[in-house]
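Take a look at the structure set out below.
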Amino acid sequence: MLTLTTEAALDILIVWLQDNIDCNTSIIFDNDEDNTDSAAILPWIERARRDVRTLRHLQLLHQTETK
162 MLTLTTEAAL DILIVWLQDN IDCNTSIIFD NDEDNTDSAA ILPWIERARR
212 DVRTLRHLQL LHQTETK
């Protein structure tokens with residue numbers, strides 16, 4: 162069985178959010194006052210994916226340096 166990594170899960174979420182945007186879905190993730198929709202969340206999820214990639218890269222560098 163394949164393991165779902167954090168990065169892969171974020172990739173799936175990004176595709177899903179982009180599909181929501183492309184299809185003009187009206188999913189609201191918080192409340193009727195703030196109206197946080199897929200378009201509002203997408204940049205934050207993309208940022209999280211970049212941060213995860215950066216962290217993984219730094220971990221690999223650290224492992225290489227300690228060997």
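Numbering (our numbering) for the sequence shown: 162 to 228.
The C-beta atom is built at its ideal place from N, Cα and C for all residues, glycine as well.
Nothing here was measured: the structure is a model prediction, and the numbers come from that model.
- The way I'd put it, the segment 218-226 doesn't touch the segment 194-210; fewer than three beta-carbon pairs between them come closer than 8 Å.
- For residue 224 and residue 177, the gap between their C-alpha atoms comes out near 34 Å.
- Under a 10 Å Cβ-count criterion, residue 163 is classified as exposed, with fewer than 16 other Cβ atoms of the shown protein chains found around its own Cβ.
- Comparing alpha carbon positions, the residue from 207, 227, 228, 226 closest to residue 170 is 207.
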